[in-house]
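Novice:
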Amino acid sequence: MHRATLAIRTSAREEMLEVTRDVRQAVAASGLRDGIVTLYVPHTTAAVTINENADPDVQHDMLAWLRRLVPPDPSFRHAEGNSDGHIKSSLVGISAQVPVVDGELLLGRWQGIYFCEFDGPRLRQLEVVIH
Amino acid sequence: MHRATLAIRTSAREEMLEVTRDVRQAVAASGLRDGIVTLYVPHTTAAVTINENADPDVQHDMLAWLRRLVPPDPSFRHAEGNSDGHIKSSLVGISAQVPVVDGELLLGRWQGIYFCEFDGPRLRQLEVVIH
Amino acid sequence: MHRATLAIRTSAREEMLEVTRDVRQAVAASGLRDGIVTLYVPHTTAAVTINENADPDVQHDMLAWLRRLVPPDPSFRHAEGNSDGHIKSSLVGISAQVPVVDGELLLGRWQGIYFCEFDGPRLRQLEVVIH
Chain A
-4 MHRATLAIRT
6 SAREEMLEVT
16 RDVRQAVAAS
26 GLRDGIVTLY
36 VPHTTAAVTI
46 NENADPDVQH
56 DMLAWLRRLV
66 PPDPSFRHAE
76 GNSDGHIKSS
86 LVGISAQVPV
96 VDGELLLGRW
106 QGIYFCEFDG
116 PRLRQLEVVI
126 H
Chain B
-4 MHRATLAIRT
6 SAREEMLEVT
16 RDVRQAVAAS
26 GLRDGIVTLY
36 VPHTTAAVTI
46 NENADPDVQH
56 DMLAWLRRLV
66 PPDPSFRHAE
76 GNSDGHIKSS
86 LVGISAQVPV
96 VDGELLLGRW
106 QGIYFCEFDG
116 PRLRQLEVVI
126 H
Chain C
-4 MHRATLAIRT
6 SAREEMLEVT
16 RDVRQAVAAS
26 GLRDGIVTLY
36 VPHTTAAVTI
46 NENADPDVQH
56 DMLAWLRRLV
66 PPDPSFRHAE
76 GNSDGHIKSS
86 LVGISAQVPV
96 VDGELLLGRW
106 QGIYFCEFDG
116 PRLRQLEVVI
126 H
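As given, the protein sequences belong to chains A, B and C, one line each in that order.
Take the first sequence: its position 94, counting from 1, is numbered 89 in my numbering, and each next residue is one higher.
Take the second sequence: its position 6, counting from 1, is numbered 1 in my numbering, and each next residue is one higher.
Take the third sequence: its position 100, counting from 1, is numbered 95 in my numbering, and each next residue is one higher.
1) Can you give the beta carbon distance from residue 27 (chain A) to residue 73 (chain A), rounded, assuming they're within the 8 Å contact cut?
2) For the beta strand (DSSP E) containing residue 94 (chain A), list its first residue and its last residue.
3) Name, going along the chain, the residues of the stretch 66 to 88 of chain B whose beta-carbon falls closer than 8 Å to a beta-carbon of chain A.
4) What does residue 122 (chain B) touch in chain A if you count any residue whose Cβ is under 7 Å from its own?
5) According to DSSP, which residues form a beta bridge with residue 30 (chain A)?
6) Considering only DSSP beta bridges, list what residue 123 (chain A) is partnered with.
7) Can you list, in chain order, the residues of its chain whose CB lies under 7 Å from that of residue 37 (chain A), leaving out five sequence neighbours each side?
8) Going by the DSSP bridge assignment, what does residue 44 (chain A) pair with across the sheet?
9) From residue 15 (chain C) to residue 34 (chain C), what distance separates their C-alpha atoms?
10) Look at the Cβ atom of residue 84 (chain A), then the Cβ atom of residue 87 (chain C), and state whether they are nearer than 8 Å.
11) Quick one: what's residue 57 (chain B) bridged to in DSSP?
12) How would you list, in chain order, the residues of chain A whose beta-carbon sits under 7 Å from the beta-carbon of residue 36 (chain C)?
13) If we cut at 8 Å on Cβ distances, does residue 53 (chain C) have a partner in chain A?
14) Does any residue of chain C bring its CB to less than 8 Å from the CB of residue 90 (chain A)?
15) Using DSSP's beta-bridge definition, name the partner residues of residue 10 (chain C).
16) How would you write the range of the alpha helix (DSSP H) that residue 134 (chain C) sits in, first residue to last?
17) Return yes when the Cβ of residue 42 (chain B) is within less than 8 Å of the Cβ of residue 111 (chain B), no when it is not.
18) Beta-carbon of residue 47 (chain A) versus every beta-carbon of chain B: anything under 8 Å?
19) When the distance is taken between beta carbons, is residue 18 (chain B) closer than 8 Å to residue 81 (chain C)?
20) Could you give the first and the last residue of the continuous alpha helix (DSSP H) run that contains residue 81 (chain A)?
21) Residue -2 (chain A) versus chain C: which residues are under 9 Å apart at the beta carbon?
22) Out of C:48, C:4 and C:63, point me to the one whose CA is closest to residue 108 (chain C)'s CA.
23) So residue 126 (chain A) and residue 31 (chain C) are supposed to be a Cβ contact under 8 Å. How far apart are they, rounded?
24) Going by beta carbon distance, what residues of the same chain come within less than 7 Å of residue 78 (chain C), once the five residues before and after it are set aside?
25) If you draw a straight line from the C-alpha of residue 102 (chain A) to the C-alpha of residue 13 (chain A), how long is it?
26) Tell me which residues share the same chain as residue 89 (chain A) and place their Cβ nearer than 6 Å to its Cβ, disregarding the 5 neighbours each side in the sequence.
27) Excluding the 5 residues flanking residue 98 (chain B) on each side, which residues of the same chain have their C-beta closer than 6 Å to its C-beta?
28) CA-CA distance, residue 94 (chain A) and residue 75 (chain B)?
29) Counting only C-beta atoms, is residue 44 (chain B) closer than 8 Å to chain A at any point?
30) Residue 4 (chain C) bridges to which residues according to DSSP?
31) Determine, for residue 33 (chain A), whether the minimum Cβ-Cβ distance to residues of chain C falls below 8 Å.
32) Helix, strand or coil: how does DSSP classify residue 64 (chain B) here?
33) From A:69, A:96 and A:61, pick the residue whose C-alpha is nearest to that of residue -1 (chain B); which is it?
34) According to DSSP, what are the bridge partners of residue 100 (chain A)?
35) Return the CA-CA distance between residue 50 (chain C) and residue 59 (chain B), expressed in angstroms with no decimal places.
36) Assign residue 118 (chain C) to one of two classes, buried (16 or more other C-beta atoms within 10 Å of its C-beta) or exposed (fewer than that).
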């Protein structure tokens, strides 16, 4: 098992940051030829997802839609005021897997890996485990 | 690590296609007795999920509900007009795992594996990695 | 590969039950030092997620929000009346992964593992596979 921890500086309350290149570098550094990369977010108001990386409007539409889906709500009890971020984290999910074949991430042609910030800006981490 | 790529022909814009039998065959062909099957969708407007396979009305209700949750929206910027499909892909997710015990998928009694199409019809792929 | 099956008794129709301690015990019993824990729910109206365990209001807010997002709907066809539970199961997801490093779950400071009941009360299972 190989492991890398990516440090991620987010710059807005809600943001999708592409980390495909960093994950690819961690896989190359591991020397693994065939296996699985597990991406893990050790936070409760962030997530990881894989989606289109050709048109930034896709990320814009997704974040705007999530903001409308889970607005701040006066009925939320959690006193920190970021229940919407916790909910988005569980909806999008904090772990994802990508197969590795011949040393390369088996991403589809239009896929990129995104760290999703839902209560930033903050300094975050993404665990990359290659096995 | 064993790997199979399933070719999937979808026939509607939105569809849930059961692939349990194909995944089971890939596991049998691998000869693996104990491990994990990772299912991976290399597309950005499709997903994979595991849910009830006894009553097709469950799939009907899920697709109809998702259509109401993420309707086409004039405020979406992505010019291809399929932002709803990208959003559903990240909500449902593009990877899933099932344990393998004694050569069998550890599915619950009512569980089936579904490829979810959100911008079809198209020819799609599902990666099945057994490790 | 090591495997443990947790028996979980839920006590309400919708509930988030923390199982972090049980998963931690299963990892300790396995003797594994470095690897991945895969959590798998063999049910179609339940899920597993990882989220904040410091303030129970987070779970309250999440369950209340999900109830408003997926209310019982007369247009649902599935005759058992629990289509909302099936939908929540696929939204939150039935599998999750946590890395194990030096024999410890690599959970973030505020993270706990939750079994999510969406059609209880019932006797449920959670599969814990350590590899």
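Just so you know, even glycine gets a beta-carbon here, dropped at the ideal spot from N, CA and C.
Specialist: By the coordinates alone:
1) Here residue 27 (chain A) refers to the residue found at position 32 of the first sequence. Here residue 73 (chain A) refers to the residue found at position 78 of the first sequence. Incorrect: roughly 40 Å between the Cβ atoms, too far for contact.
2) To locate residue 94 (chain A), count along the first sequence from 1; it is residue 99. That run of the beta strand (DSSP E) goes 90 to 96.
3) Listed by position, the residues of the stretch 66 to 88 of chain B near chain A (Cβ gap below 8 Å) are 68, 70, 71, 72, 73, 74, 75, 78, 81, 82, 84, 85, 86 and 88.
4) Here residue 122 (chain B) is taken as the residue at index 127 of the second sequence, counted from 1. Chain order gives the chain A residues near residue 122 (chain B) as 94 and 101, where near means a beta carbon separation below 7 Å.
5) Looking up residue 30 (chain A) in the first sequence gives position 35. For residue 30 (chain A), the pairing in a beta bridge is given by DSSP as A:95.
6) Position 128 of the first sequence, counted from the start, is the residue given in the question as residue 123 (chain A). Residue 123 (chain A) is bridged by DSSP to A:-1 and A:34.
7) In the first sequence, the residue the question calls residue 37 (chain A) occupies position 42. So the list reads 120 and 122, once near-sequence residues are dropped.
8) In the first sequence, residue 44 (chain A) corresponds to position 49, counting from 1. Under DSSP, the beta-bridge partners assigned to residue 44 (chain A) are A:109.
9) In the third sequence, the residue the question calls residue 15 (chain C) occupies position 20. In the third sequence, the residue the question calls residue 34 (chain C) occupies position 39. Their Cα atoms are separated by approximately 11 Å.
10) Reading the first sequence from its first residue, position 89 is the one you call residue 84 (chain A). Reading the third sequence from its first residue, position 92 is the one you call residue 87 (chain C). Residue 87 (chain C) is positioned such that its CB atom lies no closer than 8 Å to that of residue 84 (chain A).
11) Numbered from 1 along the second sequence, position 62 holds the residue referred to as residue 57 (chain B). Residue pairing by DSSP places residue 57 (chain B) opposite no residue, since no beta bridge is assigned to it.
12) Locating residue 36 (chain C) in the third sequence gives position 41, counting from the first residue. Within 7 Å Cβ-Cβ: nothing; residue 36 (chain C) doesn't reach chain A, min ~14 Å.
13) By 1-based counting over the third sequence, the position of residue 53 (chain C) is 58. Yes, contact with chain A.
14) Position 95 of the first sequence, counted from the start, is the residue given in the question as residue 90 (chain A). Chain C places a beta carbon closer than 8 Å to that of residue 90 (chain A), counting this residue as a contact.
15) Taking the third sequence and counting its residues from 1, one reaches residue 10 (chain C) at position 15. In the DSSP output, where bridge partners are listed per residue, residue 10 (chain C) has C:112.
16) Nothing in the structure corresponds to residue 134 (chain C), since chain C is present only between -4 and 126.
17) One-based indexing of the second sequence puts residue 111 (chain B) at position 116. One-based indexing of the second sequence puts residue 42 (chain B) at position 47. Yes.
18) Against the first sequence, residue 47 (chain A) aligns to sequence position 52. Closer than 8 Å to some Cβ of chain B, the Cβ of residue 47 (chain A) qualifies, so yes.
19) Position 86 of the third sequence, counted from the start, is the residue given in the question as residue 81 (chain C). Position 23 of the second sequence, counted from the start, is the residue given in the question as residue 18 (chain B). Residue 81 (chain C) places its beta carbon 8 Å or farther from that of residue 18 (chain B).
20) Locating residue 81 (chain A) in the first sequence gives position 86, counting from the first residue. Start and end: 78 to 87.
21) In the first sequence, the residue the question calls residue -2 (chain A) occupies position 3. Residues of chain C passing the Cβ test: 29, 94, 96 and 101.
22) Counted from its first residue, the third sequence places residue 108 (chain C) at position 113. When each option's Cα is compared against that of residue 108 (chain C), the closest is C:48.
23) As a position in the first sequence, residue 126 (chain A) is number 131, starting the count at 1. As a position in the third sequence, residue 31 (chain C) is number 36, starting the count at 1. The C-beta separation of residue 126 (chain A) from residue 31 (chain C) comes to about 6 Å, placing the pair in contact by the 8 Å criterion.
24) As a working note, residue 78 (chain C) is residue 83 in the third sequence. Excluding sequence positions up to five before and after residue 78 (chain C), its CB lies within less than 7 Å of the CB of 71, all in the same chain and listed in chain order.
25) Here residue 102 (chain A) is taken as the residue at index 107 of the first sequence, counted from 1. Here residue 13 (chain A) is taken as the residue at index 18 of the first sequence, counted from 1. Rounded to the nearest angstrom, the two C-alpha atoms are 13 Å apart.
26) Within the first sequence, numbered from 1, the residue matching residue 89 (chain A) stands at position 94. Within the same chain, residue 89 (chain A) has close Cβ partners 36 and 42.
27) Numbered from 1 along the second sequence, position 103 holds the residue referred to as residue 98 (chain B). Result list for residue 98 (chain B): 28, in chain order.
28) Indexing the first sequence from 1 puts residue 94 (chain A) at position 99. Indexing the second sequence from 1 puts residue 75 (chain B) at position 80. Each residue's CA atom was taken as its position, placing residue 94 (chain A) and residue 75 (chain B) some 28 Å apart.
29) Locating residue 44 (chain B) in the second sequence gives position 49, counting from the first residue. No - not a single Cβ of chain A is within 8 Å of the one on residue 44 (chain B).
30) Counting from 1 along the third sequence, the entry for residue 4 (chain C) is found at position 9. C:118.
31) Here residue 33 (chain A) refers to the residue found at position 38 when the first sequence is read from its first residue. It does; some Cβ of chain C falls within 8 Å.
32) Taking the second sequence and counting its residues from 1, one reaches residue 64 (chain B) at position 69. Here residue 64 (chain B) sits in helix by DSSP.
33) To locate residue -1 (chain B), count along the second sequence from 1; it is residue 4. The residue with the shortest Cα to Cα distance from residue -1 (chain B) is A:96.
34) Along the first sequence, read from residue 1 onward, the residue named residue 100 (chain A) stands at position 105. DSSP lists A:95 as partners of residue 100 (chain A).
35) Within the third sequence, residue 50 (chain C) is the residue found at index 55, counting from 1. Within the second sequence, residue 59 (chain B) is the residue found at index 64, counting from 1. The alpha-carbon atoms of residue 50 (chain C) and residue 59 (chain B) are separated by roughly 35 Å.
36) As a first step, residue 118 (chain C) must be located in the third sequence, where it is residue number 123. Residue 118 (chain C) comes out exposed.
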